[in-house]
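Protein chains in written order, with the numbering used here: chain X, 1 to 369; chain R, 1001 to 1369; chain B, 2001 to 2369; chain W, 3001 to 3369. Note that beta-carbon positions come from the ideal geometry of N, C-alpha and C, so glycine has one too. Computed from a prediction, not measured in an experiment: that's the story for all the values here. First comes the structure, then the notes that go with it.
Number of protein chains: 4
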Amino acid sequence: MKNTFGSSVSVTLFGESHGPAIGAVLDGLAPGIPVENAAIEQALALRRPSGSISTARQEPDPFEIISGVFNGKTTGTPLCILIRNTQARSDDYAATRALVRPGHADYTAFCKYHGFEDPRGGGHFSGRLTAALVAAGAVATAALRGKGICIGTHIARCGGVADRAFGDLEADLEALRTLPFAALDAQAAADMQAAVSAAAADGDSVGGVLETAVTGLPAGVGEPWFDTLEGVLAHALFSIPAVKGVEFGSGFAMAEGRGSEMNDAFRREDGKTVTATNHNGGVNGGISNGMPLLFHCAVKPTPSIFRPQQTVDLFTGEEATLQLTGRHDPAIVHRARAVVDAMTALTLCDQLALRFGTDWLAPAAEAAP
Amino acid sequence: MKNTFGSSVSVTLFGESHGPAIGAVLDGLAPGIPVENAAIEQALALRRPSGSISTARQEPDPFEIISGVFNGKTTGTPLCILIRNTQARSDDYAATRALVRPGHADYTAFCKYHGFEDPRGGGHFSGRLTAALVAAGAVATAALRGKGICIGTHIARCGGVADRAFGDLEADLEALRTLPFAALDAQAAADMQAAVSAAAADGDSVGGVLETAVTGLPAGVGEPWFDTLEGVLAHALFSIPAVKGVEFGSGFAMAEGRGSEMNDAFRREDGKTVTATNHNGGVNGGISNGMPLLFHCAVKPTPSIFRPQQTVDLFTGEEATLQLTGRHDPAIVHRARAVVDAMTALTLCDQLALRFGTDWLAPAAEAAP
Amino acid sequence: MKNTFGSSVSVTLFGESHGPAIGAVLDGLAPGIPVENAAIEQALALRRPSGSISTARQEPDPFEIISGVFNGKTTGTPLCILIRNTQARSDDYAATRALVRPGHADYTAFCKYHGFEDPRGGGHFSGRLTAALVAAGAVATAALRGKGICIGTHIARCGGVADRAFGDLEADLEALRTLPFAALDAQAAADMQAAVSAAAADGDSVGGVLETAVTGLPAGVGEPWFDTLEGVLAHALFSIPAVKGVEFGSGFAMAEGRGSEMNDAFRREDGKTVTATNHNGGVNGGISNGMPLLFHCAVKPTPSIFRPQQTVDLFTGEEATLQLTGRHDPAIVHRARAVVDAMTALTLCDQLALRFGTDWLAPAAEAAP
Amino acid sequence: MKNTFGSSVSVTLFGESHGPAIGAVLDGLAPGIPVENAAIEQALALRRPSGSISTARQEPDPFEIISGVFNGKTTGTPLCILIRNTQARSDDYAATRALVRPGHADYTAFCKYHGFEDPRGGGHFSGRLTAALVAAGAVATAALRGKGICIGTHIARCGGVADRAFGDLEADLEALRTLPFAALDAQAAADMQAAVSAAAADGDSVGGVLETAVTGLPAGVGEPWFDTLEGVLAHALFSIPAVKGVEFGSGFAMAEGRGSEMNDAFRREDGKTVTATNHNGGVNGGISNGMPLLFHCAVKPTPSIFRPQQTVDLFTGEEATLQLTGRHDPAIVHRARAVVDAMTALTLCDQLALRFGTDWLAPAAEAAP
């Protein structure tokens, strides 16, 4: 399988940046889950460029649900969402396609597709396709919320600025649902945006680190080998363009500590077994332990910059200098948070359906309409 | 699929720490690949505890090839390797099983398997099972070497000590094939082992960071979405017990830099397109670009420590204090390097077979015996 | 995976009979394969009701290629084909939905989707969705023809009338490419259509048997166990609504013969190893042997008939009598042949890509445009 | 995946006829299911040659459970069963391997594995491997019986002799559990065995048709497209060596009837919706309807016969005459019934776990030991 992810609940992604449309097929989700256009629009809005630090380009995401929803609820059969590319242009890409952009997929796409790939705007590799993931993810998110499972991602670091740590998770996740720029601390948000603007003024770009929390996930989900919860989530998260690292719980910092610091002691709280700390990020032995799931994603700086870059001409094989023009985001980390949420939701729906059956995510009071 | 990984080339893992045997089924590898017992023994030796910093326990790995090899070469049909548990004991686990070990899978195994899991020595979750992965990986490694693809992993950090960076990759990877303690710098190796011993003297444990390089991988391997080379490798690597983070190329450090620093400029060298730097770790847009594949794995400190730990009794639900006895490694990062190599080899064989067909890994001069 | 089939080359199906559109995502096909609208239209025409024996209803199939084609050729990324439902109606289904139609999926859909399924016109279970499979199959067929692999299906039996057996396969398969009613013998075609008309006049329906031949398939494709060529094809073919039996070569008739009659002796012809007979239908031990692939599919009579039928009310649980009205085909076997061709093409593309790599189906003279 | 079948519950098969052992890994089955050696032995006994019509060769099946069972119950982790090849011989196969046996996989194995395959006794293609499937199937069967789901297969036709049809399914399935030669009618059993003996006396072989019934399967299992219950079962059943046709319900006979005869009218019985007839074999639209699942498998005559056969020399490419010697079954249909039962049980366990979750097959009263 290439552009399909998941087993019991799966998503199939298609489209190119400048083709007629992009879209996703979300399959296997339980029947009876409410599908609200407003929720999809809200998720898409969080992914869209906003404010001074993003490209001025308008990028509306007019979506159409092609299938899988009847009377406002999922049918259980494939839900296809189509997003038209309203600004698709067939204009002159030939002039620039020969010069592969450093840090982008232009060169590797050529190696894989032998020049038959659609090069316009990154084609199938474009970050534009994440809009379809976010739309599908919004439906998955609604399903999870119906079972008390909440997901939220904030910008832990960007442009040398650190956000505050997660605190009251319930409140933080609720706030993140509508926060356009996902730093929990307002000053950090302002500083991050200033840092992005400064990079933009230099014709440059910045990256960042996203931190995600998931609450309400039952214990006992995941497999001991291979399909560990961490492995499957990382698999999903590395699909997101620009993600170059994934760590769970204290992650790389665990490697620096001792066992006595990093083991999470068990204790009892309100009749439940919990851990006193959560360095393991809610996963032991590949399986959820009932504590919040915690992970970070490293997002590299946007490769599209306005400085001259050394590159190679695909067709002549000669070295050349690339000078990009046009509109490009000086950072995408603040947009990627919506994609991280979406991929997390899609992955967890799959894991839960595999574990507890295909009806588990359906609303409790199932009834034929 | 639960204990099976891979699509065209797959590995299936079975066994429990104290059952009769553990083993792996390696399926889909091309026919005609030489299978040498010495290579498997060598890989197993690198995984085995060695020297003063590992448990004194003898853990021989007497393997038997059950199927899939004929006249010393792979047949192309499933290759099953069985490793008997020579020290299997059915002794008194009941006394300790109720107290779940912090940082281990005892509690999550109970949540998933409802108490029917084999608890002796960690059962199916035991690091012991990685021996079977290493044995299967040794066959995959031989297949890759036949095509000029080399893999090597060193201990980049352990117990606060850093190894030197990779230098001449060809020489370093060659050295790592037989280095019992995989630090490239001899002093660093000594210091790391001293740090491990110090932790052991405290009844404690340490973790570390492994760095892996792969040379010779062709460009054009991997998928743009979901089955990105990074995603699939991370999926595999997170199966390794104690791995809590995976990053490619400069990984989390990329998130701190600017695009102008992190983009890898393209240039020509010996008639080939290469990159001047390799911050992206050999992967752009999910697809290999022909540069060395580079990644780090964070390995947490061994959860088995000899200090009293707070925990919970599985059956009474009461809080309790756990005091481990017996033999436990104060670090596993130096052993995990062999498992990282194995999982990398198995994953790359699958990716290459998917991309280029099931015969691609077969030796060039195919001939019926 | 639910509505996705295939591994290296896959197809994902979505849509409902009366929703906005149906469609398919064809993923993993090699880049550079010509995609001609005329070929897709031709395949769709063969699936469409034609002449007096099919419903009078006009059912145009206006398709749109959403992605995966650039400059008239496949890009190698997902190819999404959308077919709008021009005659979608939201009208009064409530009156009839309670009475589940015998032989249809109404009752089982309710058992699986708990009443949330779209019941209009069969919803996601509608034979209408096969149009999307046929459109995707037309692209796969073009890819196979580029490698000298041809597929054709005729109506071996329908309404008690038998077609002549396959003769000169090359000529027969060529004729079938455009034959609107796929009986090789003109008189048989006329008799079959008369039999269908007679059934229709009785308010009844008929079924039939389809026979498929594939020429040019290389030897060595398929797996010894589980993913046998027969098993994978049968898996695909049973997806086709109304198919209730699949047999390879002489199939059920082999069960009646002796080994001396049914073994296909090997001999040499033009420097190639061939078999003197082909009772095994081109497959030994699950793997293609280079002879034509031959199989039959049993297609049951259309369940929609105009006679009163006993059924049950889904909501009251009471027995009731169902009297269908509207337009329904008295036979679909003559239309199903196009779907059998499509599923065969899609399945073989997958098998070939798995065996020989993802570029194998690409035209020989690959060149960047 | 090649020698692995299933998704949530899977089986991986390994071994060669004359290697040290064959085996299977059964993964994903719920924890807590009793595993009784006697049940496995009983299933293996039904597969073993018995009486005058089978080869005189003793073929004991001494199995060892390597993993996945603790205190007599499944742990939920992979269950590996190993069956030693006690009569493995490395003797002189070279003399005969060049002459590929008609109807066998010798030639196609060579096309696929290029001569590296183990040719001794059919190697990995040997029917011997079905013993491992039967052993794994016995565990799956026990799990299903715990949920009231029963499977049984009788020899509907063999050597021109027909068994009586299924009658009282409960009684018939119970009888089949221990019937060594699975014809329900004693006279038919005797006549079939006489027919097999007559063929054997001619140096020839016969095939037959197996009919399987499954009772107790819940409605709502299976998918509308691709992973239809019929498609998935057929996929599994065609793995069984010698199976060349699979039909559900009235199968190919449905193609000859009219809709009014073949539609199964719904009615109510004991508060349940049932069908008056069962021409559809318990499946509508790919999904179980709660009626007994019914299907036939066509088993071709054993290809190993003692008559001279025309064939080709693999290495010289010249035509040759093959005269088999040694011991070979003149029929395998009476043995294949045990394999059909096993593959059915394994497939249904997977389908049920996918539908209802991984714990569904666990005994109702789950409790930690």
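Item                                                                                                                            : Value
Contact under 8 Å by Cβ, LYS2073 of chain B with PRO2034 of chain B                                                             : yes
Short CB-CB distance (under 8 Å) between LEU2354 of chain B and chain R                                                         : yes
Where the beta strand (DSSP E) containing ARG268 of chain X begins and where it ends                                            : 266-269
Short-range partners of chain R found in the stretch 243-263 of chain X, where Cβ spacing is below 9 Å                          : VAL243, LYS244, GLY245, VAL246, GLU247, PHE248, GLY249, SER250, GLY251, PHE252, ALA253, MET254, ALA255, GLU256, GLY257, ARG258, GLY259, SER260, GLU261, MET262 and ASN263
8 Å Cβ cutoff met for GLY123 of chain X and GLU211 of chain X                                                                   : no
Reduced DSSP secondary structure (H/G/I, E/B, other) of LEU3237 of chain W                                                      : helix
Nonlocal neighbours in the same chain, by C-beta distance under 8 Å from PHE3110 of chain W, ignoring five residues either side : VAL3100, GLU3117 and LEU3314
Segment contact flag, the stretch 1260-1270 of chain R with the stretch 1142-1150 of chain R, C-beta cutoff 8 Å, min 3 pairs    : no
Residues within the stretch 1203-1215 of chain R neighbouring chain X, beta-carbon criterion of under 7 Å                       : ASP1204, SER1205, VAL1206, GLY1207, GLY1208 and VAL1209
For ARG1258 of chain R: DSSP bridge partner residues                                                                            : X:VAL206
Buried or exposed (CB count within 10 angstroms, at least 16 for buried), GLU1256 of chain R                                    : buried
For ILE3151 of chain W, three-class secondary structure by DSSP                                                                 : strand
Boundaries (first-last residue) of the alpha helix (DSSP H) holding GLN1193 of chain R                                          : 1186-1201
Pairwise C-alpha distance: MET2192 of chain B and ALA138 of chain X                                                             : 52 Å
Those residues which DSSP pairs with VAL213 of chain X across a bridge                                                          : This sequence places Ala at residue 213 of chain X; Val is not what is there. Its beta-bridge partners are X:GLY152 and X:LEU294.
Own chain, CB closer than 7 Å to ILE155 of chain X, minus 5 neighbours either side, in chain order                              : ASP163, ALA182, ALA183, MET192, GLY208, LEU210, VAL333, HIS334 and ARG337
Cβ-based contacts, 8 Å cut-off: residues of the stretch 2279-2303 of chain B near chain R                                       : none
Pick from X:LEU29, X:PHE63, X:HIS104 and X:HIS114 that is closest to ALA39 of chain X, judged by C-alpha positions              : X:PHE63
Closer than 8 Å to chain R by CB, PRO2224 of chain B                                                                            : yes
Selection from X:PRO102, X:LEU179, X:THR277 and X:LEU169 that minimises the alpha carbon distance to PHE306 of chain X          : X:PRO102
Option in X:LEU13, X:VAL214 and X:CYS158 with minimal Cα separation from MET1254 of chain R                                     : X:CYS158
Segment contact flag, the stretch 2358-2365 of chain B with the stretch 2218-2236 of chain B, C-beta cutoff 8 Å, min 3 pairs    : no
Contact with chain W by SER1007 of chain R, beta-carbon distance below 8 Å                                                      : yes
As assigned by DSSP and simplified to three states, the class of ARG1327 of chain R                                             : coil
Bridge partners - GLY2015 of chain B, DSSP secondary structure assignment                                                       : B:ILE2022
Beta-carbon neighbours of ALA3132 of chain W, restricted to chain R and to distances below 9 Å                                  : Those within 9 Å of ALA3132 of chain W in chain R number zero; the least Cβ separation is about 11 Å.
Cutoff 8 Å: LEU2013 of chain B Cβ touching any chain X Cβ                                                                       : yes
PHE3110 of chain W CB to nearest heavy atom of the ligand NAD below 7 Å                                                         : Looking for the ligand NAD in the displayed structure turns up nothing, as the structure carries no ligands at all.
8 Å Cβ cutoff, ARG2267 of chain B in contact with chain W                                                                       : yes
Cutoff 7 Å; reference VAL2340 of chain B; Cβ partners in own chain excluding five residues on either side                       : THR2153, LEU2210, THR2212, LEU2237, ILE2240 and CYS2297
C-beta atoms of ARG1258 of chain R and GLN310 of chain X nearer than 8 Å                                                        : no
From X:GLU36, X:LEU346, X:GLU223 and X:GLY249, residue whose alpha carbon lies closest to that of PRO3078 of chain W            : X:GLU223
Rounded straight-line distance, which links the Cα of GLY1203 of chain R to that of CYS2349 of chain B                          : 59 Å
GLU2335 of chain B: first and last residue of the uninterrupted alpha helix (DSSP H) it sits in                                 : A small fix is needed here, since residue 2335 of chain B is Arg in this sequence, not Glu. Where ARG2335 of chain B is concerned, the enclosing alpha helix (DSSP H) stretches over 2333-2356.
Element boundaries [beta strand (DSSP E), containing GLY3245 of chain W]                                                        : 3243-3248
ALA3140 of chain W to PHE1005 of chain R span [Cα, whole Å]                                                                     : 22 Å
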